[in-house]
Amino acid sequence: MSDVPENLRYTSDHEWLRLEDDGSVTVGITDHAQEALGELVYVELPESGSDLGAGDTCAVVESVKAASDVYSPLPGTVMATNESLAEQPELVNGNPYGEGWLVRLQPTDSSALESLLNAEAYTRFLAEAED
Numbered sequence: 034m035s036d037v038p039e040n041l042r043y044t045s046d047h048e049w050l051r052l053e054d055d056g057s058v059t060v061g062i063t064d065h066a067q068e069a070l071g072e073l074v075y076v077e078l079p080e081s082g083s084d085l086g087a088g089d090t091c092a093v094v095e096s097v098k099a100a101s102d103v104y105s106p107l108p109g110t111v112m113a114t115n116e117s118l119a120e121q122p123e124l125v126n127g128n129p130y131g132e133g134w135l136v137r138l139q140p141t142d143s144s145a146l147e148s149l150l151n152a153e154a155y156t157r158f159l160a161e162a163e164d
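Our numbering applies: residue 34 is where the sequence shown begins, and numbers increase by one.
In structure tokens:
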């Protein structure tokens, strides 16, 4: 079973979000998503300062199997991207909830966090998808 940390929020597209102390939100792909993709070989990230709407593509991850869009779970402005991934995309595979984060957003509507899945709901979603 995939690792699903309790302190994060999740989407049905397998993105995770962590609310930071400064009100920003860190976004990445879940352990389940990186397992499904396999070994990542390339990550394309947006430019800092880019404005994203909820559902906009905020990254593209490419593995030896496939390329996949990563969607912004909330509207906001890109504050930072994980520049380490340009040289080490495999960080997403090794530590998707830590060193493998993708972007940090300043949300324009942080109340949207409440509509996302908590760990228990995401775990249920994964179990139902396997059935």
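Using N, Cα and C, we set each Cβ at its ideal position, and we do this for glycine too.
>> Applying the 10 Å Cβ sphere with the 16-neighbour rule, what's the burial state of residue 48?
In response: Counting from 1 along the sequence shown, the entry for residue 48 is found at position 15. That one is buried.
>> Just verifying my parser: in three-state terms, what is the DSSP assignment at residue 155?
In response: If you number the sequence shown from 1, residue 155 lands on position 122. Reduced to three states, the DSSP call for residue 155 is helix.
> What do you reckon, are the CB atoms on residue 110 and residue 84 nearer than 9 Å?
Replying inline: Counted from its first residue, the sequence shown places residue 110 at position 77. Counted from its first residue, the sequence shown places residue 84 at position 51. It is a contact, given that the beta carbons lie within the stated cut-off.
>> For residue 96 and residue 51, what's the separation of their Cα atoms in angstroms?
In response: For the purposes of this step, residue 96 is taken as the residue at position 63 of the sequence shown. For the purposes of this step, residue 51 is taken as the residue at position 18 of the sequence shown. If you take the alpha carbons of residue 96 and residue 51, they lie about 24 Å apart.
> Between the stretch 61-76 and the stretch 118-127, are three or more C-beta pairs nearer than 8 Å?
Replying inline: yes
> Tell me which same chain residues have a C-beta within less than 6 Å of the C-beta of residue 152, skipping the five on either side of it?
Replying inline: For the purposes of this step, residue 152 is identified with residue 119 of the sequence shown, where counting begins at 1. Once the five neighbours on either side are set aside, the close Cβ partners of residue 152 are 37 and 39.
> Do residue 92 and residue 76 have their C-beta atoms closer together than 9 Å?
Replying inline: As a first step, residue 92 must be located in the sequence shown, where it is residue number 59. As a first step, residue 76 must be located in the sequence shown, where it is residue number 43. In contact: residue 92 and residue 76 (Cβ atoms closer than 9 Å).
> Skipping 5 residues on each side, what residues in its chain have a beta carbon closer than 7 Å to that of residue 71?
Replying inline: One-based indexing of the sequence shown puts residue 71 at position 38. Once the five neighbours on either side are set aside, the close Cβ partners of residue 71 are 96, 97 and 98.
> Going by other Cβ atoms of all chains shown within 10 Å of its Cβ, with 16 needed for buried, is residue 66 buried or exposed?
Replying inline: Here residue 66 refers to the residue found at position 33 of the sequence shown. Label assigned to residue 66: buried.
> Do you know offhand how far residue 108's Cα is from residue 86's?
Replying inline: By 1-based counting over the sequence shown, the position of residue 108 is 75. By 1-based counting over the sequence shown, the position of residue 86 is 53. The alpha-carbon atoms of residue 108 and residue 86 are separated by roughly 4 Å.
> Does the distance from the CB of residue 149 to the CB of residue 42 come in under 9 Å?
Replying inline: Within the sequence shown, numbered from 1, the residue matching residue 149 stands at position 116. Within the sequence shown, numbered from 1, the residue matching residue 42 stands at position 9. Yes, the Cβ-Cβ distance between residue 149 and residue 42 is below 9 Å.
> Beta carbon of residue 113, beta carbon of residue 136: below 9 Å?
Replying inline: Taking the sequence shown and counting its residues from 1, one reaches residue 113 at position 80. Taking the sequence shown and counting its residues from 1, one reaches residue 136 at position 103. Yes, they are a contact pair.
> Measuring CB to CB, does residue 57 end up less than 9 Å from residue 140?
Replying inline: The residue you call residue 57 lines up with position 24 of the sequence shown. The residue you call residue 140 lines up with position 107 of the sequence shown. A contact, by the Cβ cut-off of 9 Å.
> Among residues of its own chain, excluding the 5 on either side of residue 106, which ones have a beta-carbon nearer than 7 Å to its beta-carbon?
Replying inline: Residue 106 sits at position 73 when you count from the first residue of the sequence shown. Counting only Cβ-Cβ distances below 7 Å, and skipping sequence neighbours, we find 44, 48, 50, 60, 87 and 149.
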